[in-house]
Amino acid sequence: MKAGPTVDLHWRVPLWAACDVVVIGGGSAGCSAAVAAAEQGAAVVLVERQGFLGGTGAMVLDTFYGFYTPGSVEHKVVGGVPDRVIAGLERRAMVLKRPNTYGAGAGLTYDPDTLKLVWDELAAAAGVNVLHHCTFVDVLREGDRVVGVVLATKQGLRALRAPSLVDASGDADVAARAGAPFEDAGADGSAQSLTTTFRMFDVDVAAARAFPKEALWARMREVAERGEYDLPRREGSIHATPFANVMHTNLTRVAGVDATDPEQLSRAEREGRRQAFEYARFLREHVPGYERAHLGGLSVQIGVRESRRIRGEYWLSRDDVLGAASFPDAVARCGAPIEEHHGGGDTRWEYLPDGATYDIPYRCLLPREIEGVVVAGRCLSASHDAHASVRSMGQCMAMGQAAGVAAALAQGGNLRGVDVGAVRERLVEMGAVL
Ligand SMILES: Cc1cc2nc3c(=O)[nH]c(=O)nc-3n(C[C@H](O)[C@H](O)[C@H](O)COP(=O)(O)OP(=O)(O)OC[C@H]3O[C@@H](n4cnc5c(N)ncnc54)[C@H](O)[C@@H]3O)c2cc1C
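The sequence shown runs 2 to 435 under my numbering.
Given below as structure tokens:
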């Protein structure tokens, strides 16, 4: 659909409530931000358009990466709220640590539904007011200061006022709407590909795991080149889960999508689903262990790796990542490689020096040209390459707790003037690794 003429709307929007901190988006970053801000004594409202917390981590995935560095010696580089998430999963025996067999360091594989429950509990214990089924649509502003948000609800538009806002929407919805500069990987064609994940049920897991991934990839290439299957990506990963006979896949690939464009995203959802069933057919017909398996669970939505990234007070670069840069205003750390899911058949990996990490500076979370907003998660200020390293959920949680503490400490929403030394001290007290 082409954009037509504009329509003027003159709506009076009821003011629902006022609080200290509003967090938009209840994914890895937003949940951590809300919990951390509330623990600092702020009155926090967390707004999530879905009916559960966890974001991409609950809708698409089941493995936290970024907690550990890859390479010969493993270092844990994330702590604090993320540790409590793992503890909640461990209490229910719903997380298993998988050694680094594929790229990004040891992974922590969990049950996504239990993750939703754990986030509910952490948010409730911290006193966060969680609003589900509410979608951020606009900002309230006074000059260049954002002082609240407008939400679309089943009862129409509602406004919430708060001096500090955390944009953890993944797509930088708040910062973009407020007029902050951003890079739009979807619009400029550089965005990483999208993936619909799915689970296979009734798998003979021992037989499936005994089949080497190189053999799996070779078989994909053979059948795709013979034209028997439409498999755009001839590699990818499949791994065991906390459940017997269930394997989780990351195989499909939909490239060239602007995930903020409703029509493109709608087409991508259909294409991702189509591919998922095609990969499932391939697994059943060609891969040991899957002979009696069936596709048992599609991701709630297609997984979006990259869309808008703010252009903030600092822009994390490829050289910062590969050169293991350190910064005085570090609020999180990362040792993950650059993992580039480009439009072709494979994935490109580039590693930091063995065991090294780089810092994520607070300035990467601060949008330029607007006041009262801090971002967290995959919409941080970073180049395409740096983003391909820093976007794991471990780092999104770590950035989230930093943004939450900063939002709670900022006097009158002065996020730019916040004492970063004090933020770092509070983070260390919470267990963060800096
Ligand atoms: C296919 C795929 C595979 C990946 N594999 C891994 C992996 O194995 N391990 C790993 O650690 N990382 C992985 N990543 C990266 C990681 O999942 C993401 O970078 C991370 O989850 C982003 O977290 P976030 O909190 O920034 O955003 P999200 O988790 O996406 O959270 C954003 C939240 O905001 C909500 N929201 C969005 N807009 C609005 C709005 N306007 N109003 C209200 N709510 C809104 C959304 O519903 C969502 O809950 C993968 C990503 C993808 C797409």
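Built from N, CA and C at the ideal position, the CB exists for glycine as well.
On the three-state DSSP scale, how would you describe V255? Translated into positions along the sequence shown, residue 255 becomes position 254. It is a strand residue.
Would V258 and L252 qualify as a contact pair, given that the criterion is a beta-carbon distance under 8 angstroms? Within the sequence shown, the letter at position 257 stands for residue 258. Within the sequence shown, the letter at position 251 stands for residue 252. No; because the gap between Cβ atoms is not below 8 angstroms, this pair is not in contact.
Going along the chain, which unbroken runs of the alpha helix (DSSP H) with 4 or more residues stay wholly within the stretch 278-329? Secondary structure within the stretch 278-329: the alpha helix (DSSP H) runs of 4 or more consecutive residues, fully enclosed, are 319-323 (chain order).
Between D347, A211 and Q396, which has its C-alpha nearest A331's C-alpha? Here the question's residue 331 lines up with position 330 in the sequence shown. Of D347, A211 and Q396, the smallest CA-CA separation from A331 is found for Q396.
Verify whether the separation of the beta carbon atoms of G413 and A377 is less than 8 angstroms. Looking up residue 413 in the sequence shown gives position 412. Looking up residue 377 in the sequence shown gives position 376. No.
Give me the Cα-Cα distance between G171 and A260, rounded to the nearest whole angstrom. The residue given as residue 171 occupies position 170 in the sequence shown. The residue given as residue 260 occupies position 259 in the sequence shown. Looking at the backbone, the Cα of G171 and that of A260 are separated by about 11 angstroms.
How close, in whole Å, do the beta carbons of G55 and L152 come, if the pair is a contact with beta carbons under 8 angstroms? Counting from 1 along the sequence shown, the entry for residue 55 is found at position 54. Counting from 1 along the sequence shown, the entry for residue 152 is found at position 151. Not a contact, Cβ separation roughly 20 angstroms.
Check whether the Cβ of D347 lies closer than 8 angstroms to any Cβ atom in chain D. No chain D appears in this structure, which consists of one protein chain only.
Cβ-heavy atom distance, E49 to ligand 1, below 7 angstroms: Here the question's residue 49 lines up with position 48 in the sequence shown. In this structure, the C-beta of E49 approaches ligand 1 to less than 7 angstroms from one of its heavy atoms.
Taking the alpha carbon of M2 as the point to measure from, which residue in S73, E264 and V322 has its own alpha carbon closest? For the purposes of this step, residue 2 is taken as the residue at position 1 of the sequence shown. Residue E264 is the option with its Cα nearest to M2.
Less than 7 angstroms between the CB of F199 and some heavy atom of ligand 1, yes or no? Here residue 199 refers to the residue found at position 198 of the sequence shown. Not under cutoff, so the answer is no.
Is the beta carbon of Y359 sitting closer than 8 angstroms to the one on C335? Indexing the sequence shown from 1 puts residue 359 at position 358. Indexing the sequence shown from 1 puts residue 335 at position 334. Result yes, Cβ atoms of Y359 and C335 sit closer than 8 angstroms.
Decide yes or no for the touch test of the stretch 222-237 against the stretch 281-297: beta carbon pairs closer than 8 angstroms, at least 3 of them. By the Cβ rule, the stretch 222-237 counts as touching the stretch 281-297, because three or more pairs are nearer than 8 angstroms.
With a Cβ-Cβ cutoff of 8 angstroms, do A107 and R99 count as a contact? Residue numbering aside, residue 107 sits at position 106 when the sequence shown is read from its first letter. Residue numbering aside, residue 99 sits at position 98 when the sequence shown is read from its first letter. Going by C-beta atoms, A107 is nearer than 8 angstroms to R99.
With respect to 7 angstroms, is the separation between the Cβ of M431 and the closest non-hydrogen atom of ligand 1 below this value? Here residue 431 refers to the residue found at position 430 when the sequence shown is read from its first residue. Within 7 angstroms of the C-beta of M431 there is not a single heavy atom belonging to ligand 1.
Return yes when at least one heavy atom of ligand 1 lies under 7 angstroms from the C-beta of C397, else no. The count along the sequence shown starts at 1 and reaches residue 397 at position 396. Taken from the Cβ of C397, at least one heavy atom of ligand 1 lies inside 7 angstroms.
Pairwise C-alpha distance: D355 and D321: As a first step, residue 321 must be located in the sequence shown, where it is residue number 320. As a first step, residue 355 must be located in the sequence shown, where it is residue number 354. Straight-line measurement puts the Cα of D355 at about 15 angstroms from the Cα of D321.
Inter-residue spacing [alpha-carbon to alpha-carbon] between L175 and E372: Residue numbering aside, residue 175 sits at position 174 when the sequence shown is read from its first letter. Residue numbering aside, residue 372 sits at position 371 when the sequence shown is read from its first letter. Looking at the sequence shown, residue 175 is not Leu but Val. Rounded to the nearest angstrom, the gap between the Cα atoms of V175 and E372 is 12 angstroms.
With a threshold of 6 angstroms on Cβ separation, who are the neighbours of H343 within its own chain once the five nearest residues in sequence on each side are excluded? As a first step, residue 343 must be located in the sequence shown, where it is residue number 342. Excluding positions up to five away in sequence, the list is empty.
Following a CB-centred definition, is L353 positioned closer than 7 angstroms to any heavy atom of ligand 1? Residue mapping note: residue 353 aligns to position 352 of the sequence shown, counting from 1. Ligand 1 never approaches L353 closely enough for any of its heavy atoms to be under 7 angstroms from the residue's Cβ.
Identity of the residue in V14, C380 and A39 nearest A127 by Cα: Counted from its first residue, the sequence shown places residue 127 at position 126. Here the closest residue by C-alpha is A39.
Identity of the residues DSSP links to L353 by a beta bridge: The residue you call residue 353 lines up with position 352 of the sequence shown. L353 is not bridged to any residue.
Burial state of E229, where buried means 16 or more other Cβ atoms lie within 10 Å: On the sequence shown, residue 229 is found 228 positions in, with the first residue counted as 1. Exposed: under 16 other Cβ atoms inside 10 Å.
Hey, out of M60, A43 and Q41, whose CA is closest to E49's CA? In the sequence shown, the residue the question calls residue 49 occupies position 48. Nearest option by C-alpha distance: M60.
With hydrogens ignored, establish whether the beta-carbon of G106 is closer than 7 angstroms to any heavy atom of ligand 1. Numbered from its first residue, the sequence shown carries residue 106 at position 105. Because no heavy atom of ligand 1 lies under 7 angstroms away, the Cβ of G106 does not count as near it: no.
Quick check on T154: buried or exposed, where buried means 16 or more other Cβ atoms within 10 Å of its Cβ? Within the sequence shown, residue 154 is the residue found at index 153, counting from 1. Burial call: exposed.
Neighbourhood of R146 by C-beta distance below 8 angstroms, restricted to the same chain and skipping five residues each side: Numbered from 1 along the sequence shown, position 145 holds the residue referred to as residue 146. I371, E372, G373 and G414.
Give me the Cα-Cα distance between E279 and T64, rounded to the nearest whole angstrom. Walking along the sequence shown from the start, residue 279 turns up at place 278. Walking along the sequence shown from the start, residue 64 turns up at place 63. Taking C-alpha positions only, E279 is separated from T64 by approximately 23 angstroms.
Which same chain residues, not among the five before or five after W120, have their C-beta less than 6 angstroms away from its C-beta? Along the sequence shown, read from residue 1 onward, the residue named residue 120 stands at position 119. Hits under 6 angstroms: C32, L54 and G55.
Can you tell me the Cβ-Cβ gap for S318 and S238, rounded? I've got them flagged as a contact below 8 angstroms. For the purposes of this step, residue 318 is taken as residue 317 along the sequence shown, with counting starting at 1. For the purposes of this step, residue 238 is taken as residue 237 along the sequence shown, with counting starting at 1. The beta carbons of S318 and S238 sit about 28 angstroms from each other, so the pair does not count as a contact at 8 angstroms.
How about V23 and L158: are their beta carbons less than 8 angstroms apart? The residue you call residue 23 lines up with position 22 of the sequence shown. The residue you call residue 158 lines up with position 157 of the sequence shown. No. Outside cutoff.
Return the bridge partner residues of I361 from the DSSP annotation. The residue labelled residue 361 in the question sits at position 360 within the sequence shown. In the DSSP output, where bridge partners are listed per residue, I361 has A333.
Would A326 and M201 be called neighbours here (beta carbons separated by less than 8 angstroms)? Looking up residue 326 in the sequence shown gives position 325. Looking up residue 201 in the sequence shown gives position 200. In this structure, M201 does not lie closer than 8 angstroms to A326 by Cβ.
Using the C-alpha atoms, what's the distance from S390 back to E340? As a position in the sequence shown, residue 340 is number 339, starting the count at 1. As a position in the sequence shown, residue 390 is number 389, starting the count at 1. Each residue's CA atom was taken as its position, placing E340 and S390 some 6 angstroms apart.
Thinking C-beta only, is P182 closer than 8 angstroms to R312? Against the sequence shown, residue 312 aligns to sequence position 311. Against the sequence shown, residue 182 aligns to sequence position 181. Cβ atoms of R312 and P182: closer than 8 angstroms.
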